[in-house]
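Protein chains in written order, with this note's numbering: chain A, 139 to 499; chain B, 139 to 499; chain C, 139 to 499; chain D, 139 to 499.
For glycine and all other residues, C-beta sits at the position ideal for the given N, C-alpha and C.
Being a predicted model, the structure only gives us computed values, none of them experimental.
Scroll down for the structure; my scribbles are underneath it.
4 protein chains.
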Amino acid sequence: MAGNSFGELFRISTFGESHGGSVGVIVDGCPPGLALTEADIQPELDRRRPGQSAITTPRKETDEISIHSGVFEGRTTGTPIMLLAKNKDMRSEDYHDLLGVLRPSHADHTYSEKYGIRDWRGSGRASARETLARVAAGAIAKKYLREQYQIETLAYVEQTGDISSVVDREQLSQEQVESNIIRCPDQEAAKEMIALVEEVRDAGDSIGGVVCGLIRGVPAGLGEPVFDKLNADLGKAMLSINAVKGFEIGSGFAGVEMRGSEHNDPFYAVEKNTIRTRTNNAGGVTGGISTGELIYFRVAFKPVSTIQHEQETVTTEGESVKLSAAGRHDPCVVPRAVPIVEAMSALVILDHLLRHKAQNQ
Amino acid sequence: MAGNSFGELFRISTFGESHGGSVGVIVDGCPPGLALTEADIQPELDRRRPGQSAITTPRKETDEISIHSGVFEGRTTGTPIMLLAKNKDMRSEDYHDLLGVLRPSHADHTYSEKYGIRDWRGSGRASARETLARVAAGAIAKKYLREQYQIETLAYVEQTGDISSVVDREQLSQEQVESNIIRCPDQEAAKEMIALVEEVRDAGDSIGGVVCGLIRGVPAGLGEPVFDKLNADLGKAMLSINAVKGFEIGSGFAGVEMRGSEHNDPFYAVEKNTIRTRTNNAGGVTGGISTGELIYFRVAFKPVSTIQHEQETVTTEGESVKLSAAGRHDPCVVPRAVPIVEAMSALVILDHLLRHKAQNQ
Amino acid sequence: MAGNSFGELFRISTFGESHGGSVGVIVDGCPPGLALTEADIQPELDRRRPGQSAITTPRKETDEISIHSGVFEGRTTGTPIMLLAKNKDMRSEDYHDLLGVLRPSHADHTYSEKYGIRDWRGSGRASARETLARVAAGAIAKKYLREQYQIETLAYVEQTGDISSVVDREQLSQEQVESNIIRCPDQEAAKEMIALVEEVRDAGDSIGGVVCGLIRGVPAGLGEPVFDKLNADLGKAMLSINAVKGFEIGSGFAGVEMRGSEHNDPFYAVEKNTIRTRTNNAGGVTGGISTGELIYFRVAFKPVSTIQHEQETVTTEGESVKLSAAGRHDPCVVPRAVPIVEAMSALVILDHLLRHKAQNQ
Amino acid sequence: MAGNSFGELFRISTFGESHGGSVGVIVDGCPPGLALTEADIQPELDRRRPGQSAITTPRKETDEISIHSGVFEGRTTGTPIMLLAKNKDMRSEDYHDLLGVLRPSHADHTYSEKYGIRDWRGSGRASARETLARVAAGAIAKKYLREQYQIETLAYVEQTGDISSVVDREQLSQEQVESNIIRCPDQEAAKEMIALVEEVRDAGDSIGGVVCGLIRGVPAGLGEPVFDKLNADLGKAMLSINAVKGFEIGSGFAGVEMRGSEHNDPFYAVEKNTIRTRTNNAGGVTGGISTGELIYFRVAFKPVSTIQHEQETVTTEGESVKLSAAGRHDPCVVPRAVPIVEAMSALVILDHLLRHKAQNQ
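In structure tokens, the structure reads:
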């Protein structure tokens, strides 16, 4: 109810601040019998961690995960799985001079207004470090989906600043995504994007981007009509990620300008029991329920709020001050957001699979 | 869990199909003592109902609402409020020839796949008639917010097809929105939009649009960090409305191309305890929590799927057929979507107000 | 959250007051394809309704139920099923003189304290008339359990006042329960109980009783460990029924005096994969999970609070008054409680079946 | 949904097995600003821990708790509080010979049936070691209730085997409860109880008991009518504790034999706005809502299932075997159950306080 849990049947509850003792998650409702060790989780965390390339923050965080419960002799038991990563890079003294200074477009002000108290060390609970817990939990969901249902969640950087890319979504593989440090499978666009991020970084500034999420192999029938539409739950999942300002599925905002006669996806039958659509403007979801086609959506990330430029701001007391941030942050968040988008996708799909199974199978 | 409820503390549960006995909603968790009669609800339903103008479907539905419980001597008692509207226009024979035919981009196929059974009369539960229940429940939330907190929810048509408008969001009033039948307060744009919708209608086609939602007077501090961010819950609320394909808040997708130094919203102090921002790229929400500035967001609606053109499709059995729809539908959904967007906004804000109060006040 | 819903996956939400327009329930999450008409529900309501025999209240309420949604061509569609019974016997003038008078051991005082407002007609929302909605929803659960899983829920009156009965729980049938108006299958005890209730009724007083609930055919494995133990959810279900003051399962309070060596239920194998216990002190649940043995539990009902005796009390304003109730009420609630206990049992078991299926099958 | 969380607004989620890495809990929804250190929690754990006296299990577990998140500079921040105790006494080799043997009246069989896999070391998740997490979370709730609302939760051993006690509930203090090792404030009865437990222990057997819970200072108005009645939620909380077989509030099962004219609690006015009852057969809750009187209830614990006697049983494969337990267990669980009952009481009351505040204040 206080907003730290996600999912109904495959349910995660995260905890921890950027500079407290640890960050972690309880995964509740995982089916029993899944083979699971830390080695299934760590690679996903390594794709998210800071310091992984020249265009991410130079902060070093190893983000080493350990399983504290719910696994016995290498298999899940059906009981809660607690995953924990200790905070190792606790240079909270870096932040001492920020005490009381409200950083523009950070959550300092809103947390103070909400709670009347605020952990000012590195954004506290509002830190993107919380997403570590999501990626760890998502790794379990991804493994289960892959092994039991042959469902694959993928994501890639589609746009950085004003540089777009062209990608064949149907054929995309994770290897292509991982082939460069910006995680854009269009190699030409990727080069330009990397150059842009470097330029922005050297200017002490930041830039936004778009991550495209893909979910392949989802059978028709997932999603609950009315409020818990599959697209609504995917949207909420993505909009809950730090710095996200927009979400669209299928034709999205561009579909607004289309006529129904162009936008409708005609049905045809591959064989008697396999009905497909010739186009996929729906993005794989109609009436809130998966169609069996590829699910694809776009997620807009704003430019990172921490910049090196001097900014006008105030203290909690309302006194005007100037702020020159000297923290170690990413000039562009999208390459590291790719595994987060995948994790949230997997959590939504597995939750809806279990919900569908409960009522309808 | 089956997706027919929305909200945690101010919680609505809707029921009913387009051609069953009735459509309605239980509103649970409403604070006691609110003056309430059907007259507080009916005007909102009249803004949503079909047949209200030349550019909506000619179907006549009176959508008369009645209160069945939870109100005593004109005031809410704190117990569940059940609101019900009978289905009067039950011409289900209109749909008899559709039996088994999967209408492109409707939910016929996905419902069949999910449940193995489908109420084929006028889309059944997937019908937009379900939104009547949301608007009725939202009318209660709107009244409470207005009377107890001076919070106002507004929405207007910002775009229809490729025709955009220019609107001063800070000054907008509901009178301006209601001044024309397309509900776009930019009168020049409104004329063009109406002409476009008429052209599309006469061509037997449909067109999409964008509704902009505004929430005025929200104090700083609402929204739960991490998963139940205020923007994530608003996004889910909007994406759960029929035909919605995208949601963005504040700078949204356009913010992607901005630099942090442009995008950040600088703080200043109006007086000691009133901290505001000079710009509002955040759209009124930072770190998932309201900032105290105007909340604004954009919602993309696809073109209506029912068109008069002949379309290729298949039956449930996979047999190819041609479909010429002859139902009575809207050429463009956005004018009638305006009260739905407002209702969903009010439900989200009131729910978060109660959640915030429980923990933090 | 306001306490009007029960169940997680098979979830009911009730509404209505004793003298408002209607009483009803939304059943959400019902599996699709179940054959269902009002005739499946009405017989259960008839077992609960007032005026059914010489030892219940003479009020006449027909409690006629109608299905408003979620059923198409005689089968459930998987969407919300709304069931409604209109309030026909609205003699609220009977209650006008009670306005402001707090009836001892009724909820008048606590509702006033909670909400600051109170529907004083016939107990309002606190009326046992709300249980009509539970019985209606429970009838659906009972039908599904019987047809799909051969699970049967039964209940009977085990004790009335100080008169106990002896019943062979393993062999009990519903016919035996229904063979007399007190619903006690021990015919000798039943006669004494009926005489006691008549005596109490003629004295203008009331008396309590114990209902024993039985659930037959539950496979091993239902129930969620830790907080949502099957016994804990059954206990909550029963304690949520009006006038219930106690719940015990298996050996219950009597088990307190036993030694572990007597109380433990020894295992034996009927065949390789069918492990059973020689005794059943557990009452069919161990570690919160069903064992496969008969589930049995006892529910204590206090004497009805409405009596004909003159009582000392106060008004809402704290003024001393004398109260002589003249309402038409039951001298003993247990015969009419039998179908309520069965309904709540069925709701708990079906909900746990779906939960178990989602995670573990 | 998998049953490892409790509460709606003040919500705890526990994790951990008796012999895995650790046992712990996330407390979500705690109001911000509460002064909190490990020293507020540890004393409650010390009352629960094994090895605390001659009549508990000789196992030594220090149960040292640490706070991992949600507290900053000694105060709660409103974000999730994760509490963790490492498992130190990991003699899982003690249990190696139990592999495959189903211990009578333990959850070995039911867990195997449910999950198809089972952590057999010391009962795994079904171990009473999980209650450590409840007591830790409950210590936070108790502190908040005491400091903000002057509400006190108490419990004591009322009965052990067939030895009952006489206690003045209105005047009882925690000092009296803690004055002897069985935690029964009736000193004469306590001596007999201790002698009984020693006799049972020496015979290699076990015995049950009754814990009485008291909650003092609860204002009128807490509890949600219908399903989430305060007594129903207290009942569920208690029935979710390991080994509990019964719950009764106020007059409970004894009230069954009373007439309404004896059982009803007459109202009187202390002063205009303070209405009280002359008797308290209700146990402090009427219509599911607190009356303002002392809340009291009784909880029945069965005899511990682990005994030294040789028992007949079977293996998971259905093979007959004899079992002589040699584990180190309690002969009687009630003295250590006292802080658990208090903790669960505090969790229920604080949750309902926040729920009431959200809707009604």
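* chain C beta carbons: is any one of them nearer than 8 Å to that of Asn498 (chain A)? -> Counting from 1 along the first sequence, the entry for residue 498 (chain A) is found at position 360. Yes, because at least one Cβ of chain C sits closer than 8 Å to the Cβ of Asn498 (chain A).
* Asked: Any beta-carbon of chain A closer than 8 Å to the one on Pro181 (chain C)?
  -> Translated into the one-based positions of the third sequence, residue 181 (chain C) becomes position 43. No, because no Cβ of chain A sits closer than 8 Å to the Cβ of Pro181 (chain C).
* Per DSSP, the bridge partner or partners of Phe439 (chain B) -> The residue you call residue 439 (chain B) lines up with position 301 of the second sequence. Paired residue(s): B:Gly347, B:Val382.
* **Member of D:Gly384, D:Asn380, D:Tyr406 whose CA lies at the smallest distance from the CA of Met376 (chain C)** => Along the third sequence, one-based indexing puts residue 376 (chain C) at 238. Nearest in C-alpha terms to Met376 (chain C), of all of D:Gly384, D:Asn380, D:Tyr406, is D:Gly384.
* **Assigned exposure category for Asp201 (chain D) - 16 Cβ within 10 Å defines buried** => Along the fourth sequence, read from residue 1 onward, the residue named residue 201 (chain D) stands at position 63. So Asp201 (chain D) ends up on the buried side.
* If contact means a Cβ-Cβ distance below 7 Å, which residues of the segment 245-272 of chain C contact chain D? -> So the close ones are Ala245, His247, Thr248, Tyr249, Glu251, Lys252, Tyr253, Arg263, Ala264, Glu268.
* To do: State the beta-bridge partners of Phe120 (chain D) as determined by DSSP.
  => The structure shown does not extend to residue 120 (chain D), since chain D is modelled only from 139 to 499, so the question has no answer here.
* **Residues that DSSP places opposite Tyr434 (chain D) in a beta bridge** => For the purposes of this step, residue 434 (chain D) is taken as the residue at position 296 of the fourth sequence. Paired residue(s): D:Leu352.
* Span of the alpha helix (DSSP H) holding Glu308 (chain A)? -> Taking the first sequence and counting its residues from 1, one reaches residue 308 (chain A) at position 170. Here Glu308 (chain A) belongs to no alpha helix (DSSP H), and DSSP marks it neither H nor E.
* Secondary structure of Ile387 (chain C), DSSP reduced to three states -> In the third sequence, residue 387 (chain C) corresponds to position 249, counting from 1. Here Ile387 (chain C) sits in strand by DSSP.
* Asked: Is any beta-carbon of chain D found at less than 8 Å from that of Leu368 (chain A)?
  -> Along the first sequence, one-based indexing puts residue 368 (chain A) at 230. No - not a single Cβ of chain D is within 8 Å of the one on Leu368 (chain A).
* **Residues sharing a beta bridge with Ala222 (chain C), DSSP** => Stepping through the third sequence from its first residue, residue 222 (chain C) is reached at position 84. One point to set straight first is that residue 222 (chain C) is Leu, not Ala, in the sequence displayed. For Leu222 (chain C), the beta-bridge partners assigned by DSSP are C:Gly162, C:Ser204.
* Using the Cα positions of Gly422 (chain D) and Thr451 (chain C), report the straight-line distance between them to the nearest angstrom. => In the fourth sequence, the residue the question calls residue 422 (chain D) occupies position 284. In the third sequence, the residue the question calls residue 451 (chain C) occupies position 313. The alpha-carbon of Gly422 (chain D) is positioned some 17 Å away from that of Thr451 (chain C).
* With 8 Å set as the bound, which would you pick, yes or no: does the beta-carbon of Ile219 (chain A) sit closer than that to a beta-carbon of chain B? -> Numbered from 1 along the first sequence, position 81 holds the residue referred to as residue 219 (chain A). Taking Cβ atoms only, chain B never reaches closer than 8 Å to Ile219 (chain A), which makes this a no.
* Asked: From the beta carbon of Leu147 (chain B), is the nearest beta carbon of chain D less than 8 Å away?
  -> Position 9 of the second sequence, counting from 1, holds the residue named residue 147 (chain B). Closer than 8 Å to the CB of Leu147 (chain B) there is at least one CB belonging to chain D.
* To do: Step through the CB atoms of chain D and report whether any lies within less than 8 Å of the CB of Gly426 (chain B).
  => Start at 1 with the first residue of the second sequence, and residue 426 (chain B) comes out as number 288. No, Gly426 (chain B) does not count as interfacial toward chain D.
* To do: Look at the Cβ atom of Pro363 (chain B), then the Cβ atom of Gly426 (chain B), and state whether they are nearer than 8 Å.
  => Your numbering for residue 363 (chain B) matches position 225 in the second sequence. Your numbering for residue 426 (chain B) matches position 288 in the second sequence. Going by beta carbons, Pro363 (chain B) and Gly426 (chain B) fall inside the 8 Å limit.
* To do: Output yes if chain D places a C-beta closer than 8 Å to the C-beta of Tyr406 (chain C); else output no.
  => Residue 406 (chain C) sits at position 268 when you count from the first residue of the third sequence. Judged by the 8 Å Cβ criterion, Tyr406 (chain C) is in contact with chain D.
* To do: For Lys495 (chain D), write down the residues that DSSP places opposite it in a beta bridge.
  => Numbered from its first residue, the fourth sequence carries residue 495 (chain D) at position 357. DSSP output for Lys495 (chain D) lists no bridge partner at all.
* How would you write the range of the beta strand (DSSP E) that Ala293 (chain A) sits in, first residue to last? -> Along the first sequence, one-based indexing puts residue 293 (chain A) at 155. 290-298 is the span of the beta strand (DSSP E), which, as asked, contains Ala293 (chain A).
* Asked: For Val471 (chain B), does the three-state DSSP call read helix, strand or coil?
  -> For the purposes of this step, residue 471 (chain B) is taken as the residue at position 333 of the second sequence. In the three-state DSSP reduction, Val471 (chain B) falls in the coil class, being neither helix nor strand.
* Residues in the segment 192-224 of chain B having any Cβ partner in chain D nearer than 8 Å -> Hits within the stretch, in order: Gly216, Thr217.
* Per-residue DSSP class, three states only, for Ser483 (chain B) -> Here the question's residue 483 (chain B) lines up with position 345 in the second sequence. Ser483 (chain B) falls in the helix class under three-state DSSP.
* To do: Below 6 Å CB to CB, which residues in the same chain sit around Pro404 (chain A) once its five sequence neighbours on both sides are set aside?
  => Taking the first residue of the first sequence as 1, we reach residue 404 (chain A) at position 266. Same-chain partners within the cutoff: Arg416.
* Neighbourhood of Val276 (chain B) by C-beta distance below 6 Å, restricted to the same chain and skipping five residues each side -> Position 138 of the second sequence, counted from the start, is the residue given in the question as residue 276 (chain B). Residue identity differs from the one stated: residue 276 (chain B) is Gly in this sequence, not Val. The residues are Ala481, Ala484, Leu485.
* To do: Helix, strand or coil for Arg147 (chain A), going by three-state DSSP, please let me know.
  => Start at 1 with the first residue of the first sequence, and residue 147 (chain A) comes out as number 9. Checking the displayed sequence, the identity of residue 147 (chain A) turns out to be Leu instead of Arg. For Leu147 (chain A), the three-state secondary structure derived from DSSP is coil.
* **Residues bridged to Phe210 (chain D) (per DSSP)** => Position 72 of the fourth sequence, counted from the first residue, corresponds to residue 210 (chain D). Phe210 (chain D) is bridged to D:Arg213.
* To do: In angstroms with no decimal places, state the Cα-to-Cα distance between Val349 (chain B) and Ser156 (chain A).
  => Against the second sequence, residue 349 (chain B) aligns to sequence position 211. Against the first sequence, residue 156 (chain A) aligns to sequence position 18. Cα to Cα, the separation comes out at about 38 Å.
* Asked: When Cβ atoms are compared, which residues of the segment 155-167 of chain D fall closer than 8 Å to chain A?
  -> For the segment 155-167 of chain D, which is checked against every Cβ of chain A, the residues closer than 8 Å are Glu155, Gly158, Gly159, Ser160, Val161, Gly162, Ile164, Asp166, Gly167.
* Backbone CA spacing between Ser118 (chain C) and Glu268 (chain C) [nearest angstrom] -> It is not possible to answer for residue 118 (chain C), since the shown part of chain C is limited to 139 through 499.
* Asked: Beta-carbon of Gly171 (chain B) versus every beta-carbon of chain C: anything under 8 Å?
  -> Within the second sequence, the letter at position 33 stands for residue 171 (chain B). Chain C, which has a Cβ nearer than 8 Å to the Cβ of Gly171 (chain B), makes this yes.
* Run through DSSP, which three-state label would Gln314 (chain C) get? -> If you number the third sequence from 1, residue 314 (chain C) lands on position 176. Helix.
* So with Cβ pairs under 8 Å, would you call Met139 (chain C) a contact of chain B? -> For the purposes of this step, residue 139 (chain C) is taken as residue 1 along the third sequence, with counting starting at 1. Yes, its Cβ sits closer than 8 Å to a Cβ of chain B.
* **Contact check, Ala147 (chain D) vs Gly162 (chain D), beta carbons under 8 Å** => Working through the fourth sequence from its first residue, we reach residue 147 (chain D) at position 9. Working through the fourth sequence from its first residue, we reach residue 162 (chain D) at position 24. In the sequence under discussion, the amino acid at residue 147 (chain D) is Leu, which differs from the Ala named in the question. In this structure, Leu147 (chain D) keeps its C-beta atom at 8 Å or more from the C-beta atom of Gly162 (chain D).
* Hey, does Arg307 (chain D) have any beta-carbon neighbour from chain B nearer than 8 Å? -> Taking the fourth sequence and counting its residues from 1, the one referred to as residue 307 (chain D) is at position 169. No, Arg307 (chain D) does not count as interfacial toward chain B.
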